[in-house]
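Numbering (the UniProt record's numbering), first residue to last: 1 to 209.
Some notes on the structure that comes next.
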Amino acid sequence: VEMRDGSLSSDINVGLPCPRTSKRWIEQFGAAFASSVFPADRTTEIGQLISSYLGREKNLEDHTIHLLFSANRWEHVPMMKEKLHQGITVVVDRYAFSGVAFTSAKGNFGLEWCKQPDVGLPKPDLILFLQLSPEEAAERGDFGHERYETSSFQEKVLQSFYCLMEDKTLNWKTVNASKSIEDLHREIKSIAEKTMQEVQNKPLEELWK
Ligand SMILES: Nc1ncnc2c1ncn2[C@@H]1O[C@H](COP(=O)(O)OP(=O)(O)OP(=O)(O)O)[C@@H](O)[C@H]1O
Ligand SMILES: Cc1cn([C@H]2C[C@H](O)[C@@H](COP(=O)(O)O)O2)c(=O)[nH]c1=O
């Protein structure tokens, strides 16, 4: 979850809108935070290419898909900024951190190269990392259908996230995702509300600048 003056977003671990999760986020957070929610938006032309890639209908070169994920974030920046300036909390289900973690997990990609296309995106006020072992994640619904959804690759992604979390200029918080949905909701809501209070008068910053 990533936030700005009254704004909340999520790299819940948190990409831009995914129809599978956005409804739940709205149910959980919408009323409480008047939030706008968007995980990887698979509806735009770029989003459709990404969706075909993830669904293994299309193969794309690794640099190319990395840049497409980033472009899918940039195409939402005007909308995000508009909402933030209206005082609306923005929740993002996956963001630049997923971009870096997944591409760098492929090997032959340094973290610095992976970060470059996302430099300057709106900087999140909070990044919530929902920690769950790859084994436990694999037991949950829907796992295994898409590209990247294997326990061995997810383990590499996890290591990349740990490297990203060493950056103390970002407000990372790890929560234990093996709790019940209700308990997890309560914890996230509490952390998010506290952060919203803390940042409400702070200016919007740029990521990795
Ligand atoms: N705390 C929880 N306890 C038990 N099951 C859960 C919990 N949270 C989510 N689930 C279930 O696990 C599955 C995956 O959840 P969810 O879609 O939130 O994961 P995700 O990491 O956002 O997946 P993706 O990013 O691939 O969409 C769903 O079937 C959901 O109902
Ligand atoms: C944003 C982003 C995501 N990914 C990967 C991570 C997941 O495997 C999928 C997104 O699907 P989900 O429904 O949001 O889980 O794509 C990536 O490789 N790069 C990115 O920038």
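Cβ coordinates follow ideal geometry from the N, Cα and C atoms, glycine included.
- Between the alpha carbons of D183 and S51 lies a gap of roughly 31 Å.
- Distances from the CA of F129 to each of S104, G141 and L158 were compared; the closest alpha carbon is that of L158.
- Closer than 7 Å to some heavy atom of ligand 1: that does not describe the Cβ of S151.
- Counting C-beta pairs closer than 8 Å gives three or more between the segment 109-118 and the segment 63-75, which meets the contact rule.
- For Y148, the Cβ falls inside the 7 Å cut-off from some heavy atom of ligand 2.
- Per DSSP, reduced to three states, the secondary structure at W172 is strand.
- Counting the other CB atoms within 10 Å of its CB gives D41 a total of 16 or more, which places it among the buried residues.
- Distances taken from the Cβ of D142 to the heavy atoms of ligand 1 include one shorter than 7 Å.
- Set against 7 Å, the gap from the CB of F129 to the closest heavy atom of ligand 2 is not smaller.
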